[in-house]
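Taken in sequence, the protein lines are chains G and P.
Quick note: the first sequence uses my numbering, first residue 1, plus one each step.
Quick note: the second sequence uses my numbering, first residue 1001, plus one each step.
Glycine is no exception: its CB is placed at the ideal position from the N, C-alpha and C atoms.
None of these values were measured; they are calculated from a predicted model.
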Amino acid sequence: MSRVIGIDLGTSNSAAAIMEGGRPSMIPSAEGTSVGGKAFPSYVAFTEDGQLLVGEPARRQAVTNPDGTIKNIKRKMGTDHKVKIRGKE
Amino acid sequence: MDMESLLQEAEAKAFENLDMAKRIQADYDNYRKRSQKEMEEFRKFATEGLVLELLVILDDLERALQTEDAVGPFADGVRGIHINLKKLLEFKGLKEIATDGVFDPRVHDCLMTCEGDEDGRIAEVYQKGYYLGPRVIRCAKVKVTNATKKNGEGE
């Protein structure tokens, strides 16, 4: 059965919701509700050992891995900005 | 319009309605299952908020007992209170997150980095992290080593 998913892609935080029984209901992230409620930080990270992290875990390791972490990317959308991480664009 | 096409139209309409009814029923079933699950989760973790707030007091007690002045019978009494509080919280499912070893972004929150012989080791713990049952309720706030910094290649 097909469904509509609504995504709020924010600069700092993002969230997703589906329509259920005629009402929108937010999908909590795997880490559960945090400071930002059911939303999660708009972070993506590629760790040195090749892991892909998103959301809260990606934010937590941002300080140790600044070159492998992407944040505030919404600001760059629509421009020809390219992110280069570990030799990949 | 002849009877044949009228019948066809009515059949198509009936099929469409049945399909919609099935979808709504499935939608409702999912909703019911999820609310039930959420309710169970809520019951299970209703104490989570309270435990999270009590952790601050647990931290304070630990810090107080680490000072030089924490000697003598009075300090022993406070030590006893600390043990009691910790035992009570552990009975509710509280478990400390290990911070000896490698930095793991799923349970540790890196606040800053420092020089080190290798990458990604925990150098210092600013705030202990805890699990409540299987869930992380507070990440451990830590300082992480960075080998590049030492070799002067960073920045």
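When secondary structure is reduced to three states using DSSP, Asn-72/G falls in the coil class, being assigned neither helix nor strand. For the pair Glu-48/G and Tyr-1028/P, the Cα-to-Cα distance works out to about 44 Å. Taking 9 Å as the Cβ-Cβ cut-off, the segment 1057-1087 of chain P has no residue approaching chain G. Under a criterion of Cβ atoms nearer than 7 Å, the residues of chain P adjacent to Arg-60/G are, in order, Pro-1105, His-1108, Asp-1109, Cys-1110 and Cys-1139. Of all C-beta pairs linking the segment 1121-1129 of chain P to the segment 68-80 of chain G, fewer than three are shorter than 8 Å, placing the two stretches out of contact.
Around the beta carbon of Thr-69/G, a 10 Å sphere encloses 16 or more other beta carbons of the protein chains shown; the residue is thus reported as buried.
In the DSSP assignment, Val-1078/P falls within the unbroken alpha helix (DSSP H) covering 1072-1091. Of all residues in the segment 1015-1040 of chain P, only Arg-1023, Ala-1026, Asp-1027, Tyr-1028, Asn-1030, Tyr-1031 and Arg-1034 come within less than 8 Å of chain G when Cβ atoms are compared, listed by chain position. With respect to Pro-1105/P, Ala-30/G sits apart: the two C-beta atoms are not nearer than 9 Å. Beta-bridge analysis with DSSP links His-1108/P to Ala-1140/P.
Residues of chain P whose Cβ lies closer than 8 Å to the Cβ of Pro-57/G are, in chain order, Pro-1105 and Arg-1106. Taken atom to atom, the span from the alpha-carbon of Lys-38/G to that of Asn-1146/P is near 32 Å. Cβ contact annotation for Lys-1141/P (same chain, cutoff 6 Å, sequence separation greater than five): Asp-1109, Leu-1111, Tyr-1126 and Gln-1127, in chain order.
In this structure Leu-1055/P is buried. Its beta-carbon is surrounded by 16 or more other beta-carbon atoms within 10 angstroms. With contacts defined as CB atoms closer than 9 Å, Phe-40/G and Glu-20/G fail to qualify as a contacting pair. Around the beta-carbon of Arg-60/G, 16 or more other beta-carbon atoms lie within 10 Å, marking it buried.
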